[in-house]
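For the sequence shown, my numbering gives the first residue as 1, with consecutive numbering after it.
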Amino acid sequence: MRKNRIPESRSFNPERMHVQLVHESEHVKVMNFNLKAGQEMPVHSHNLEGELVMVVLSGEGELLGEHGPLDSITAGDVIICEIKVPHGVRASADMSLVVTIAPPI
Numbered sequence: 001m002r003k004n005r006i007p008e009s010r011s012f013n014p015e016r017m018h019v020q021l022v023h024e025s026e027h028v029k030v031m032n033f034n035l036k037a038g039q040e041m042p043v044h045s046h047n048l049e050g051e052l053v054m055v056v057l058s059g060e061g062e063l064l065g066e067h068g069p070l071d072s073i074t075a076g077d078v079i080i081c082e083i084k085v086p087h088g089v090r091a092s093a094d095m096s097l098v099v100t101i102a103p104p105i
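Written out as structure tokens, the structure reads:
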């Protein structure tokens with residue numbers, strides 16, 4: 001068993017989204033994404049079977065899809081989708097996410 005306190009390890013980069021690996025195994029990958037207001041994780045997808053879970057720890061922004069914004073997101077929201085579905089986020093306020101991918105890519 002392993003414990004990691006995300007709030008203590010978060011850091012933001014004024015130039016680009018900051019990504020920190022939290023955990024990786026043959027079954028799952030967990031990352032912490034931190035975006036300053038105005039930054040985004042570009043819309044992308046992966047050509048494989050699996051699921052993606054995004055948990056918004058703090059901040060707010062937009063969930064992005066293949067054709068633009070899909071919905072607003074804020075702290076406490078949990079987004080779940082197949083990893084092959086185009087996905088991305090744009091922060092309107094400093095935002096921190098935990099992203100889990102299974103199986104890992």
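We put the beta carbon where it would ideally sit given N, CA and C, even for glycine.
Distance, residue j Cα to residue i Cα
i	j	result
MET54	GLU15	22 Å
LEU70	ALA93	17 Å
LEU97	VAL78	10 Å
HIS18	VAL56	15 Å
LEU63	LEU52	13 Å
PHE12	GLU49	31 Å
N- and C-terminal bounds of the beta strand (DSSP E) containing residue i
i	result
HIS23	18-24
ILE105	Careful: ILE105 lies outside any beta strand (DSSP E) and carries neither H nor E.
Residue i - DSSP class collapsed to helix/strand/coil
i	result
ILE73	strand
ILE6	helix
ALA37	coil
Other residues of its chain near residue i: CB distance less than 7 Å, five sequence neighbours each side excluded
i	result
GLU66	VAL43 and PRO86
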